[in-house]
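Worksheet: the structure to be examined is printed underneath.
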Amino acid sequence: MNKIKYWLFVMVMVFVLSACSEDDEPNPDESVISVEAAEKNDFDRYLEKTFVDTYNISFQYKLQDIESDMNYALVPASYENSIKMANLIKYLCLDAYEEVAPEGFLKKYFPKMFMMVGSAGWHNNGTYTLGTAEGGLKITLYLINDLDVTDVQTLYSHYFRTIFHEFSHILHQTKDYTTDFDKISVTDYVGDSWNDAWDGQSSLARGFISDYSSKEANEDFVELIAHYITNTPESWDAKIEPAGDTGKAILAQKMAIIKSYLKEVWNIDIDALRNAIQTRAEKLGEQDLDNITIE
Amino acid sequence: MKKNIYIVLFGLLLSMGVVSCDNNTDLLFDESAAQRKTTAITEYNEALKSADQGWLFQYFPEETQKYGGYNYVVKFNQHDSVTVWSELMPDVTKPEISFYDVISYGGPVLTFNTYNPLMHYFANPSAGEYLAKGGDYEFLIMSNEKDVMTVKGIKTGNTMHLIKMNEPVDVYLSKLKGNTDFIGQGSFDANVDGTEVSVQEMNRNFTFSYSENDEVKSVTAPYIVTETGLSFYEPVEILGQTFQDFTLDKASYQLISNEGDMKIIIVIPPIDLNQATWYLDISTETDRSDAVLAGWQAAYDANDQAWGEQLASFIAMGEASATYGDYGMSFYSYPGPYRSHYNIAFGGVAGHSDYLDIIKLSAGFNWNWYTHLSVMVDLVVDNAPYIVEIDDPEAPMVVKLTSVANSDVWFILRK
Chain A
1 MNKIKYWLFV
11 MVMVFVLSAC
21 SEDDEPNPDE
31 SVISVEAAEK
41 NDFDRYLEKT
51 FVDTYNISFQ
61 YKLQDIESDM
71 NYALVPASYE
81 NSIKMANLIK
91 YLCLDAYEEV
101 APEGFLKKYF
111 PKMFMMVGSA
121 GWHNNGTYTL
131 GTAEGGLKIT
141 LYLINDLDVT
151 DVQTLYSHYF
161 RTIFHEFSHI
171 LHQTKDYTTD
181 FDKISVTDYV
191 GDSWNDAWDG
201 QSSLARGFIS
211 DYSSKEANED
221 FVELIAHYIT
231 NTPESWDAKI
241 EPAGDTGKAI
251 LAQKMAIIKS
261 YLKEVWNIDI
271 DALRNAIQTR
281 AEKLGEQDLD
291 NITIE
Chain B
296 MKKNIYIVLF
306 GLLLSMGVVS
316 CDNNTDLLFD
326 ESAAQRKTTA
336 ITEYNEALKS
346 ADQGWLFQYF
356 PEETQKYGGY
366 NYVVKFNQHD
376 SVTVWSELMP
386 DVTKPEISFY
396 DVISYGGPVL
406 TFNTYNPLMH
416 YFANPSAGEY
426 LAKGGDYEFL
436 IMSNEKDVMT
446 VKGIKTGNTM
456 HLIKMNEPVD
466 VYLSKLKGNT
476 DFIGQGSFDA
486 NVDGTEVSVQ
496 EMNRNFTFSY
506 SENDEVKSVT
516 APYIVTETGL
526 SFYEPVEILG
536 QTFQDFTLDK
546 ASYQLISNEG
556 DMKIIIVIPP
566 IDLNQATWYL
576 DISTETDRSD
586 AVLAGWQAAY
596 DANDQAWGEQ
606 LASFIAMGEA
616 SATYGDYGMS
626 FYSYPGPYRS
636 HYNIAFGGVA
646 GHSDYLDIIK
656 LSAGFNWNWY
666 THLSVMVDLV
676 VDNAPYIVEI
686 DDPEAPMVVK
696 LTSVANSDVW
706 FILRK
């Protein structure tokens, strides 16, 4: 009798446990996440082809302010200037690297997302943010509505040095440079006080290409690359001249490490890269930066 | 006993099995949450595009609505483009076109996501206004009923309305401009059920002051000019009555409340000083009284003491700087010269067509460096209202102001 009860109990349990298994499977054909596909315009198609397909780079020109810091007031970039900026990035940066870097280098290592913002990121003290980078993946460029394509120096200082700076971070984070570089200015790095540590003094004379370089070795490393390739040989010499013999010697030591690092690790000749960028900058006036025809 | 326990246990388990397999529960919605969200967005987008003449957008920037409201007309086109007109634009035949989208972000959000000089006017920051004028360009869509879409600014939380247009934008905007100009030509006075209410107006905000139960009360009402008159941002209670919408009666120079009994009277001053820059030259003896000279002298001495500078003998009044939109009184201090400005309103006085009232509004350009010049501003303001004498009402070049209360205070303004 007890056995019968036992079996009955087991049968009922099986019935209970198996009862609800039938229709609870999720439907694999229906996503619970819906993405509203905005209609693609000519520029979207151009970006898809030039940036996404070729380099796996997402170029965002429609601002989602709702996702940004609400303590800032930002406005979106204009459509027309976003087109110009996309073409500038391609012409002055991607194509220049393409000339000197190994096959597949950009697609693999270049930052994966660009975000355009029309205004500057103004702070309450009258200063503003020119560019930001999140984890080396997403680069935000501000002041797109003030873009002046005839002024190469401002293009460098407002946009391109930020891009070259961030890209160089990705490179050394992927394969680090020799610790010999860190030792050169080890006692002179000032950390977060870089902004006011050099009041009335020259960071250049201590072998820093910019005040920000003096923050730490990694920043020093990438600032040097960004400044070096955005100068002609002549303007570079003029720029470092005020550093004096001591400063120039430090800068030369650092540049020697950078040159050999880029050559040995990435097979990139920094002088060839600089030459490619400078030659392109000279011919900038001949470029049609409004062109979004897909070739 | 044991047998009974078994029976109950079997019974329970069986009932569980039977009940748990009831697959016939009705779904609350026919579609999944994701599908419903997509449908809502599509519906709002279609609704936006359905207005052939566009939508009137009654836009209030800044979370306290301190700039009041501004009218836009937005027309949503195919291919995600939007054409924008604004009552601030100088030429209505030149709208600005940019992109828009309706996205999902805790609800359907209308976003103007590429730059449009008109739509982003109140949102565009600068060194002087790092938070811009607190304007929104992303709006949570709350409802769409009877051709009125109610939205909420993402940054400000302000509730705003888009109203389907049924006439051409140029016709509508010119009607609005007519009302704006008419309302803007004077200062204001008001009464509720016959009880006097004093009114100050600045940046499309009314401040009503009145006594109630021996208590002086003050209430601020941001407003927007409408086709028929004006509307407050939200209902405002004054002397026990609630007001929001007003109809402009041009014949009687009044804004009459649609609900309740309130009249806002537009008092036209004998001259609109803000139409030009006028100069008071203290050094011309026949252009000012001794009392005015004494006030200027006190300001001159204070300025000398504060900065070692010489205060210019001329003072600009009216439109002191068109570039900065400064109306009021501007002083010049040498060497430099450094301009400092105080915002002042010039208005009429109800029942006295030749009186001009002068009211202090706020410190303006550079004033924080020149607060010691207040002595001269106070002299002019404290002796208001003034009797106005104009050389030629058609083309005024010389205006004499004499204090009603103290005839020893008078001065002459020249263009």
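Chains as they are written, first to last, in the numbering used here: chain A, 1 to 295; chain B, 296 to 710.
Don't be surprised by glycine CBs; every beta carbon is placed ideally from N, CA and C.
Mind listing the chain A neighbours of residue i? Cutoff is C-beta to C-beta under 8 Å, in chain order.
| i | result |
| --- | --- |
| His-374 of chain B | Glu-39, Asn-41 |
| His-415 of chain B | Val-75, Pro-76, Gly-118 |
| Ala-342 of chain B | Within 8 Å Cβ-Cβ: nothing; Ala-342 of chain B doesn't reach chain A, min ~15 Å. |
Which bits of chain B does residue i rub up against, with CB to CB less than 7 Å?
| i | result |
| --- | --- |
| Asn-145 of chain A | Tyr-410 |
Residue i versus chain B: which residues are under 9 Å apart at the beta carbon?
| i | result |
| --- | --- |
| Asn-124 of chain A | Tyr-425, Leu-426 |
| Ala-86 of chain A | None at all; the shortest Cβ gap to chain B is about 13 Å. |
Taking the alpha helix (DSSP H) that residue i falls in, what are its first and last residues?
| i | result |
| --- | --- |
| Phe-208 of chain A | Counting along the chain, Phe-208 of chain A falls outside any alpha helix (DSSP H), and DSSP gives it neither H nor E. |
| Trp-591 of chain B | 585-602 |
| Ile-163 of chain A | 161-174 |
| Met-85 of chain A | 79-88 |
| Glu-341 of chain B | 328-344 |
| Asn-474 of chain B | 464-479 |
In whole angstroms, what separates the C-alpha of residue i from that of residue j?
| i | j | result |
| --- | --- | --- |
| Ile-270 of chain A | Phe-160 of chain A | 16 Å |
| Asp-176 of chain A | Tyr-61 of chain A | 33 Å |
| Ile-336 of chain B | Ser-399 of chain B | 7 Å |
| Lys-470 of chain B | Ser-625 of chain B | 34 Å |
| Asn-372 of chain B | Lys-344 of chain B | 6 Å |
| Asp-540 of chain B | Glu-529 of chain B | 9 Å |
| Ser-68 of chain A | Ser-393 of chain B | 21 Å |
| Asn-145 of chain A | Gly-104 of chain A | 32 Å |
| Ala-101 of chain A | Asp-375 of chain B | 39 Å |
| Ile-225 of chain A | Gly-126 of chain A | 29 Å |
| Ile-257 of chain A | Lys-263 of chain A | 10 Å |
| Pro-284 of chain B | Trp-350 of chain B | Residue 284 of chain B lies beyond the range of chain B shown here (296 to 710); nothing can be said about it. |
| Thr-232 of chain A | Ile-184 of chain A | 25 Å |
| Ala-96 of chain A | Glu-341 of chain B | 45 Å |
| Tyr-228 of chain A | Phe-164 of chain A | 10 Å |
Listing by chain order, which chain A residues have their CB less than 9 Å from the CB of residue i?
| i | result |
| --- | --- |
| Ile-393 of chain B | One point to set straight first is that residue 393 of chain B is Ser, not Ile, in the sequence displayed. Ordered by position in chain A, the residues that pass the 9 Å Cβ test against Ser-393 of chain B are Pro-76, Ser-78, Tyr-79. |
| Tyr-400 of chain B | Gln-64, Ile-66, Glu-67 |
| Asp-325 of chain B | Within 9 Å Cβ-Cβ: nothing; Asp-325 of chain B doesn't reach chain A, min ~14 Å. |
| Ser-421 of chain B | Ser-119, Ala-120, Trp-122 |
For residue i, which residues in the same chain have their Cβ closer than 7 Å to its Cβ, ignoring the five residues on either side in sequence?
| i | result |
| --- | --- |
| Ile-560 of chain B | Phe-483, Asp-484, Ala-485, Tyr-548, Gln-549, Ala-645 |
| Ala-276 of chain A | Ala-96, Glu-99, Val-100 |
For residue i, which residues from the same chain have a beta carbon less than 6 Å from its beta carbon, with the 5 sequence-adjacent residues on both sides left out?
| i | result |
| --- | --- |
| Asn-500 of chain B | Gly-363, Thr-515, Pro-517 |
| Tyr-261 of chain A | Tyr-177 |
| Ser-616 of chain B | none |
| Ala-197 of chain A | Val-190 |
| Leu-273 of chain A | Val-100, Ile-229 |
Going by C-alpha to C-alpha distance, which of the options sits closest to residue i?
| i | options | result |
| --- | --- | --- |
| Val-75 of chain A | B:Asn-411, B:Val-683, B:Glu-614 | B:Asn-411 |
| Ala-328 of chain B | B:Ile-300, B:Glu-358, B:Asn-408, B:Gly-401 | B:Gly-401 |
| Leu-413 of chain B | B:Ala-427, B:Leu-383, B:Leu-426, B:Tyr-395 | B:Leu-383 |
| Glu-98 of chain A | A:Leu-284, A:Gly-285, A:Ile-292, A:Arg-280 | A:Arg-280 |
| Glu-282 of chain A | A:Thr-150, A:Glu-295, A:Ile-170 | A:Thr-150 |
| Gly-524 of chain B | B:Thr-579, B:Gln-330, B:Lys-472, B:Tyr-432 | B:Lys-472 |
| Ile-682 of chain B | B:Val-670, B:Leu-674, B:Ile-653, B:Asp-673 | B:Ile-653 |
| Leu-92 of chain A | A:Ser-58, A:Leu-284, A:Gly-244 | A:Leu-284 |
| Lys-332 of chain B | B:Leu-426, B:Val-404, B:Met-455 | B:Val-404 |
How would you list, in chain order, the residues of chain C whose beta-carbon sits under 7 Å from the beta-carbon of residue i?
| i | result |
| --- | --- |
| Gly-118 of chain A | In the displayed structure, chain C is absent; the protein chains listed are A and B. |
Keeping to the same chain, check which residues put their C-beta closer than 8 Å to that of residue i; ignore five residues upstream and five downstream.
| i | result |
| --- | --- |
| Leu-63 of chain A | Leu-74, Val-75, Pro-76, Ala-77, Met-115, Met-116, Val-117, Gly-118 |
| Val-387 of chain B | Trp-380, Val-464, Asp-465, Leu-468, Ser-469 |
| Phe-660 of chain B | Ser-616, Tyr-619, Asp-621, Ser-625, Arg-634, Ser-635, His-636 |
Taking the beta strand (DSSP E) that residue i falls in, what are its first and last residues?
| i | result |
| --- | --- |
| Gly-642 of chain B | 633-644 |
| Met-299 of chain A | A question about residue 299 of chain A goes unanswered here, because the residues of chain A that appear run from 1 up to 295. |
| Asn-231 of chain A | Per DSSP, Asn-231 of chain A belongs to no beta strand (DSSP E) and is neither H nor E. |
| Ala-658 of chain B | 647-658 |
| Ser-393 of chain B | 391-394 |
| Tyr-514 of chain B | According to the sequence provided, residue 514 of chain B is Val. The question's Tyr does not apply to it. Start and end: 510-520. |
| Met-497 of chain B | 490-497 |
| Asp-544 of chain B | 536-544 |
| Asn-366 of chain B | 365-371 |
| Glu-67 of chain A | From DSSP, Glu-67 of chain A is part of no beta strand (DSSP E); its letter is neither H nor E. |
Report yes if the C-beta of residue i is less than 7 Å from at least one heavy atom of the ligand SAM; otherwise report no.
| i | result |
| --- | --- |
| Thr-154 of chain A | By its list of ligands, the structure shown contains no ligand whatsoever, and the ligand SAM lies outside what it can speak to. |
What residues of chain B sit near residue i, judged by a beta carbon separation below 8 Å?
| i | result |
| --- | --- |
| Tyr-61 of chain A | Thr-409 |
| Ala-243 of chain A | Ordered by position in chain B, no residue passes the 8 Å Cβ test against Ala-243 of chain A, which lies about 32 Å from the chain. |
For a contact meaning CB atoms closer than 7 Å, what does residue i contact in chain A?
| i | result |
| --- | --- |
| Glu-433 of chain B | Asp-65, Ile-66 |
| Val-404 of chain B | Ile-66 |
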